[in-house]
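These notes are about the structure you will find just below.
In my numbering, the protein residues as written are 91 to 202.
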């Protein structure tokens, strides 16, 4: 069974394009080839190329590996310890959330 092709919204397309462009700029400032960045990221050169071209099918994990290897900040940092601290804070907030969300019943009256 084949997966449905993702048709990204304009905002998603722009975000992926900007992210890929930031990776390309960083890579070229470092003087690295696509293959060098791929090797340092643990991904294929094709994956790096797809990301740099703004293709949305690159997995988020691979995109972050590539960005961090090139020195592109993710969530405002390139430092693993800071990302781990952000994760801890997030997990503390998640624990406080209800186990499930129940949508309000607005009824059929549209006068709200």
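Glycine residues also receive a C-beta, built at the ideal position from the N, C-alpha and C atoms.
Status (buried if at least 16 other CB within 10 Å, exposed otherwise) for residue i
i           : result
residue 165 : exposed
residue 114 : buried
residue 106 : buried
residue 131 : buried
residue 138 : buried
residue 182 : exposed
residue 162 : buried
Under the three-state DSSP convention, the category residue i falls into
i           : result
residue 168 : coil
residue 117 : helix
residue 123 : coil
residue 189 : coil
Euclidean distance between Cα positions of residue i and residue j
i           : j           : result
residue 158 : residue 128 : 12 Å
residue 136 : residue 123 : 12 Å
residue 121 : residue 156 : 15 Å
residue 144 : residue 153 : 11 Å
residue 184 : residue 174 : 15 Å
Beta-carbon proximity check, residue i vs residue j, cutoff 7 Å
i           : j           : result
residue 110 : residue 142 : yes
residue 160 : residue 190 : no
The alpha helix (DSSP H) enclosing residue i, as first and last residue numbers
i           : result
residue 143 : Taken as a continuous stretch (DSSP letters only), residue 143 belongs to no alpha helix (DSSP H), as it is neither H nor E.
Closer than 6 Å: residue i CB and nearest the ligand ADP heavy atom
i          : result
residue 99 : The model on display carries no ligand, and the ligand ADP is accordingly not part of it.
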